[in-house]
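Trainee: In the working numbering, the protein residues as written are 244 to 324. Take this structure, written in structure tokens, and hold onto it; I'll ask about it next.
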């Protein structure tokens, strides 16, 4: 994924979040569709994760070394929205 796509939330969701959401829906047998506002909260979580664990250096994206510590917190912040 390039920096331009990464910085554009709509493109980010199209290239990344949509695919993960589809997989979650498939693997959950569709049960996540009955959880109120799950899709909205999931997409908010993906933005939190994106902003929290990825570093941008010029045109390069990299995962921060402390991502394992920050990942659960970022997901929870998004799910609370």
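No residue lacks a Cβ here, since even glycine has one placed at the ideal position from N, Cα and C.
Rounded to whole angstroms, what is the Cα-Cα separation between residue 304 and residue 280?
Mentor: Taking the straight line joining both Cα atoms gives about 30 Å.
Trainee: Taking the alpha-carbon of residue 349 as reference, which of 253, 262, 310, 274 has the nearest alpha-carbon?
Mentor: What is shown of the chain runs 244 to 324, which leaves residue 349 out entirely.
Trainee: On the CB-based measure, 16 or more other CB atoms within 10 Å of its CB, does residue 288 come out buried or exposed?
Mentor: Its Cβ being crowded by 16 or more others within 10 Å, residue 288 is buried.
Trainee: Using beta-carbon positions only, say whether residue 283 and residue 324 come within less than 9 Å of one another.
Mentor: Closer than 9 Å, so yes.
Trainee: So, are the CB atoms of residue 292 and residue 273 less than 9 Å apart?
Mentor: Result no, Cβ atoms of residue 292 and residue 273 do not sit closer than 9 Å.
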